[in-house]
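Participant: Let me give you the structure first, and then I'll get to my questions.
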């Protein structure tokens, strides 16, 4: 892959991080540096580690990972989306979905990075045969996801107040997560 191709892959993988970060920004409603940086770093870290994991288990596990990764991502995103929708229907004092919580952030990071496993498998097939050869692609993927996470939060916070007045952000966020999950599932099933 050329450097430009790697950047395109990095941007494509970062799109889910961007969308989820926008939802998180809408839900938290204000700039919380620790929360935003932690979630963005987790996105970058998991997006960089998943291709490495896919690359490392190419031989015997490649068929299994490729066969089920989209189902795992779909299930996680569906679970989180349904949880957010359920929370949006509860009175505000009973709502517990909180993108500030580390457990929620880890689930979001894993769910949005499952696709990157397949990228790692394809890198092994395309001739990336050493860790050194993976350094640039993994760095580009991780940094792009981190930056898209930060941008998504900024946009979610900036425009989230208007959105929150018009509709419940948890409801919209839950629907968006489910749509992302369906997109992941259908893109793999239609290949």
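Numbering (our numbering), first residue to last: 494 to 684. Virtual Cβ for every residue (Gly too), placed ideally from N, Cα, C. Because the structure is a prediction, the values reported are computed rather than measured.
(1) Entirely within the stretch 592-651 and at least 4 residues each: give me those alpha helix (DSSP H) ranges in chain order.
(2) Compute the beta-carbon to beta-carbon distance between residue 639 and residue 536, rounded to the nearest angstrom, for a pair I have assumed lies under 8 Å.
(3) Quick one: using the 10 Å Cβ neighbour count with 16 as the cut-off for buried, is residue 527 buried or exposed?
(4) In terms of residues, what are the limits of the alpha helix (DSSP H) holding residue 514?
(5) In the structure shown, what three-state DSSP assignment does residue 583 receive?
(6) Compare the Cα-Cα distances from residue 532 to each of 614, 580, 597, 608 and report the closest residue.
(7) Kindly indicate which three-state DSSP category residue 524 falls into: helix, strand or coil?
(8) Which of helix, strand or coil does DSSP assign to residue 538?
(9) Excluding the five sequence neighbours on either side, which residues of its own chain have a C-beta within less than 7 Å of the C-beta of residue 664, listed in chain order?
(10) So, under 8 Å CB-CB, residue 628 and residue 544 are touching, yes? Tell me the CB distance rounded to an integer number of Å.
(11) Would you mind stating whether residue 604 and residue 575 have Cβ atoms separated by less than 8 Å?
(12) Going by beta carbon distance, what residues of the same chain come within less than 7 Å of residue 566, once the five residues before and after it are set aside?
(13) Whose CA, out of 530, 506, 502, 503, lies closest to the CA of residue 643?
(14) Helix, strand or coil for residue 683? Go by DSSP, reduced to three states.
(15) Under 7 Å: does the beta carbon of residue 568 sit that close to some heavy atom of the ligand FAD?
(16) Quick one: Cα of residue 504 to Cα of residue 621, how far?
(17) Just to confirm my understanding: we take residue 602, look at its own chain, exclude 5 residues before and 5 after, and list those with CB closer than 6 Å. What are they?
Facilitator: Per the coordinate set shown:
(1) If only uninterrupted alpha helix (DSSP H) runs of at least 4 residues are considered, those enclosed by the stretch 592-651 are 595-606, 608-618.
(2) Rounded to whole angstroms, the Cβ separation of residue 639 and residue 536 is 6 Å, and the two are in contact under 8 Å.
(3) Exposed, by the Cβ-count rule.
(4) First-last of the alpha helix (DSSP H) with residue 514: 496-521.
(5) In the three-state DSSP reduction, residue 583 falls in the coil class, being neither helix nor strand.
(6) Restricting attention to 614, 580, 597, 608, the CA atom closest to the CA of residue 532 is found in 597.
(7) Here DSSP, grouped into helix, strand and coil, assigns residue 524 to coil.
(8) Of the three classes helix, strand and coil, the one that applies to residue 538 here is helix, per DSSP.
(9) By the criterion of a C-beta distance shorter than 7 Å, residue 664 is surrounded in its chain by 578, 581, once the five residues flanking it on both sides are discounted.
(10) A Cβ-Cβ distance of about 12 Å is found for the pair residue 628 and residue 544, leaving them out of contact under the 8 Å criterion.
(11) Result no, Cβ atoms of residue 604 and residue 575 do not sit closer than 8 Å.
(12) Correct list, in chain order: 604, 607, 608, 674, 677.
(13) Check the Cα spacing between residue 643 and each of 530, 506, 502, 503: the tightest is with 530.
(14) Coil, per DSSP.
(15) Among the components modelled here there is no ligand, and therefore nothing to report on the ligand FAD.
(16) Distance between residue 504 and residue 621, taken at the CA atoms: about 20 Å.
(17) Cβ within range, chain order: 535, 536, 539.
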